[in-house]
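**Q** With our numbering, the residue at position 143 of the sequence shown is 145, and numbering never jumps. By construction, the Cβ of each residue, glycine as well, lies at the ideal position given by its N, Cα and C atoms.
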Amino acid sequence: MKKIALVTGGAGFLGSHLVDHLMNHEYHVRVIDNFSTGSKKNIEQWKDSPRFELLEKDILDLKEEESFFKDVEFVFHLASADNEVDSLYNPSHYTSVNFLGTIKVLECCRYQHVKKMVYTSTHKIYGAPNIPTLETDRPRPLTPYALSKISAERAIEQWSFNFNIPASILRVADSYGPRCRYPENYFASYFDVWIGQKVHQVPLTVVGSQDHKWDLIYCTDVANACLALAKIEENKQTYNIGTSKPVAISEIVQKISNNFKTLPEMKMLPKETWLDTSNSGFKTLWSPKVSFEHGIKFTMAAIDDWKESKPWSVDDVYSLVEKWNKCFPN
């Protein structure tokens, strides 16, 4: 009997790496994507495979009887609007896509009796957290984007409780790797900004202190975690995934370019992120394999992906910082 997996947002950065992982593990893979931030280039290597299907559709347009979910074993829900700064100025859009869109996916899973759903959430739901950050720590979202993601988590927990939908949640650290390129003026990753600036010989815009540290996880480790979690029989569990080895911004920048300019801080952002990943129920099946030293080399090897991009200028990023800071108290 063939194994069928469905990936929402499967043409995006993380989604396309998950599609690769599933295809390499002999799954029949169905992708739903509206290509608002994803790219057909990310999945073109599979377009002629008989095990690959693509439905170009917005998740908000899904109907509960959606046939694309029929006979699906695992649903991986990665479709998301994830520009934090923009969410401060367009909160209803993020609520709609991330919260209501998740309910649409849940209803399809319920109607078609999907075996399990895995949702990729974000460490941003913690806000300025305790270090290290546990799954049991109280969420303190700083933006409508983060609020929409924790709201989606609550919807998943509710549907699991009321309708017995097996589901689990991954709270992902800052991810990076090849394909972490987003549309022009769409801010979702500093790696996207910095590599584009490197390619076009523009100074890297370092916002705030280079002493700040980020918990980073390479894209293929996220893909591996998604499938590992889908296979766990227990449900209604939330797991952090990261490396638990925060990397200083100074080290990241040095690996990309020596040409940089420092800009003012973005208010309220944590000086360090560090997700505790010691949850024993998941640790036995998954652990990160790619170190930052190797991951950044793999990412820079794909630098040609940014040649056609329009680089972020210093003024562009400075404007972004100003827009952010206007929304937070002194």
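Kindly list the residues whose CB is nearer than 7 Å to the CB of K309, restricted to its own chain and excluding five residues on each side of it in sequence; keep chain order.
**A** By 1-based counting over the sequence shown, the position of residue 309 is 307. So the qualifying residues of the chain are V201.
**Q** What residue range is occupied by the uninterrupted alpha helix (DSSP H) comprising N226?
**A** Sequence index remark: in the sequence shown, residue 226 carries index 224 (1-based). Segment C221 to A232, the alpha helix (DSSP H) holding N226.
**Q** Tell me, to the nearest whole angstrom, how far the beta carbon of V174 is from that of T122; I am working on the premise that it is less than 8 Å.
**A** Along the sequence shown, read from residue 1 onward, the residue named residue 174 stands at position 172. Along the sequence shown, read from residue 1 onward, the residue named residue 122 stands at position 120. Contact holds; Cβ gap of about 6 Å.
**Q** Going straight from the alpha carbon of W276 to that of I6, what length do you get?
**A** By 1-based counting over the sequence shown, the position of residue 276 is 274. By 1-based counting over the sequence shown, the position of residue 6 is 4. Approximately 34 Å between the Cα atoms of the pair.
**Q** Report yes if the C-beta distance between N242 and D194 is below 8 Å; otherwise report no.
**A** Position 240 of the sequence shown, counted from the first residue, corresponds to residue 242. Position 192 of the sequence shown, counted from the first residue, corresponds to residue 194. Not in contact: N242 and D194 (Cβ atoms no closer than 8 Å).
**Q** Do we get a CB-CB distance below 8 Å when we pair P131 with the residues of chain B?
**A** Of the protein chains in the structure, only one exists, and it is not chain B.
**Q** With DSSP as the reference, identify every bridge partner of Y29, one or two as the case may be.
**A** Start at 1 with the first residue of the sequence shown, and residue 29 comes out as number 27. Note: Y29 sits in no beta bridge, so no partner.
**Q** Span of the alpha helix (DSSP H) holding Y119?
**A** Within the sequence shown, the letter at position 117 stands for residue 119. One detail in the question is off: residue 119 reads as Met in this sequence, not Tyr. It is not in any alpha helix (DSSP H) - M119 instead sits in the beta strand (DSSP E) that spans K118 to T124.
**Q** Could you tell me the distance, in whole angstroms, from the CA atom of H125 to the CA atom of N100?
**A** The residue given as residue 125 occupies position 123 in the sequence shown. The residue given as residue 100 occupies position 98 in the sequence shown. Going from the Cα of H125 to the Cα of N100 covers about 15 Å.
**Q** With H, G and I counted as helix, E and B as strand and the rest as coil, what does DSSP make of D318?
**A** Stepping through the sequence shown from its first residue, residue 318 is reached at position 316. Looking at D318 - three-state DSSP - the assignment turns out to be helix.
**Q** Mind checking H19: buried by the 16 CB within 10 Å criterion, or exposed?
**A** If you number the sequence shown from 1, residue 19 lands on position 17. Flag for H19 reads buried.
**Q** Look at the Cβ atom of I171, then the Cβ atom of I152, and state whether they are nearer than 8 Å.
**A** As a working mapping, residue 171 is identified with position 169 in the sequence shown. As a working mapping, residue 152 is identified with position 150 in the sequence shown. No.
**Q** Are the Cβ atoms of V319 and L231 separated by less than 8 Å?
**A** Here residue 319 is taken as the residue at index 317 of the sequence shown, counted from 1. Here residue 231 is taken as the residue at index 229 of the sequence shown, counted from 1. Cβ distance not < 8 Å, so V319 and L231 don't count as in contact.
**Q** List the residues that DSSP assigns as beta-bridge partners of Y241.
**A** Taking the first residue of the sequence shown as 1, we reach residue 241 at position 239. In DSSP, Y241 forms a bridge with L172.
**Q** Could you tell me how far apart the beta carbons of V208 and K263 are, in whole angstroms, since I believe they sit closer than 8 Å?
**A** The residue you call residue 208 lines up with position 206 of the sequence shown. The residue you call residue 263 lines up with position 261 of the sequence shown. Right, the Cβ-Cβ distance comes to about 7 Å (below 8 Å), so this counts as a contact.
**Q** Given a threshold of 16 other Cβ atoms within 10 Å of its Cβ, counted over all protein chains shown, does H23 qualify as buried or as exposed?
**A** Against the sequence shown, residue 23 aligns to sequence position 21. The residue is buried, with at least 16 neighbouring Cβ atoms inside 10 Å.
**Q** Residue range of the alpha helix (DSSP H) that V107 falls in?
**A** On the sequence shown, residue 107 is found 105 positions in, with the first residue counted as 1. That run of the alpha helix (DSSP H) goes G103 to Q114.
**Q** Checking 8 Å against the spacing of the C-beta atoms, do A250 and D223 come in under that value?
**A** As a working mapping, residue 250 is identified with position 248 in the sequence shown. As a working mapping, residue 223 is identified with position 221 in the sequence shown. No, Cβ-Cβ distance for A250 and D223 is not below 8 Å.
**Q** Label A83 either buried or exposed according to how many other C-beta atoms from any shown protein chain fall within 10 Å of its C-beta, with 16 as the threshold for buried.
**A** As a position in the sequence shown, residue 83 is number 81, starting the count at 1. A83 should be labelled buried.
**Q** Sort A225, Q47 and S246 by Cα distance to L136 and report the nearest one.
**A** Residue numbering aside, residue 136 sits at position 134 when the sequence shown is read from its first letter. The candidate whose alpha carbon is nearest that of L136 is S246.
**Q** Within 10 Å of its beta-carbon, does R156 have 16 or more other beta-carbons around it, so buried, or fewer, so exposed?
**A** Along the sequence shown, one-based indexing puts residue 156 at 154. Counting Cβ neighbours within 10 Å, R156 comes out exposed, since fewer than 16 surround it.
**Q** Find the nearest neighbour of L16 within the set E75, W314, L80 and P290, judged by alpha-carbon distance.
**A** Indexing the sequence shown from 1 puts residue 16 at position 14. Checked all of E75, W314, L80 and P290; the closest Cα to L16 is L80.
**Q** Near L57, which residues of its chain fall below 6 Å by C-beta distance, leaving aside the five closest residues on each side in sequence?
**A** Here residue 57 is taken as the residue at index 55 of the sequence shown, counted from 1. Excluding positions up to five away in sequence, the list reads I34 and F70.
**Q** In chain order, what are the residue ranges of uninterrupted beta strand (DSSP E) at least 3 long that sit wholly in the segment 156-204?
**A** Here the runs fully enclosed are 169-174 and 176-178.
**Q** Using DSSP with H/G/I as helix, E/B as strand and the rest coil, what is K215?
**A** The count along the sequence shown starts at 1 and reaches residue 215 at position 213. In this structure, K215 counts as strand in the three-state DSSP scheme.
**Q** Do you know offhand how far K118's Cα is from G103's?
**A** The sequence position of residue 118 within the sequence shown is 116, counting from 1. The sequence position of residue 103 within the sequence shown is 101, counting from 1. So the two alpha carbons sit approximately 17 Å from each other.
**Q** Which one or two residues does DSSP pair with F15 in a beta bridge?
**A** The count along the sequence shown starts at 1 and reaches residue 15 at position 13. F15 pairs with nothing; no bridge assigned.
**Q** Residues bridged to E58 by DSSP?
**A** The residue given as residue 58 occupies position 56 in the sequence shown. D35.
**Q** Whole angstroms are fine: how far does the CA of E86 sit from the CA of E274?
**A** Residue 274 sits at position 272 when you count from the first residue of the sequence shown. Residue 86 sits at position 84 when you count from the first residue of the sequence shown. Answer to the nearest angstrom: the Cα atoms are 18 Å apart.
**Q** Taking the alpha-carbon of P313 as reference, which of L271, T240, W196 and V255 has the nearest alpha-carbon?
**A** Numbered from its first residue, the sequence shown carries residue 313 at position 311. Nearest option by C-alpha distance: W196.
**Q** Assign L287 to buried or exposed, taking buried as 16 or more other Cβ atoms, counted over all protein chains shown, within 10 Å of its Cβ.
**A** For the purposes of this step, residue 287 is taken as the residue at position 285 of the sequence shown. The residue is exposed, with fewer than 16 neighbouring Cβ atoms inside 10 Å.
**Q** Looking only at its chain, what residues have a beta carbon closer than 7 Å to the beta carbon of Y184, apart from the 5 residues adjacent to it on each side?
**A** Position 182 of the sequence shown, counted from the start, is the residue given in the question as residue 184. Answer for Y184: T39, A190, S191 and D194, listed in chain order.
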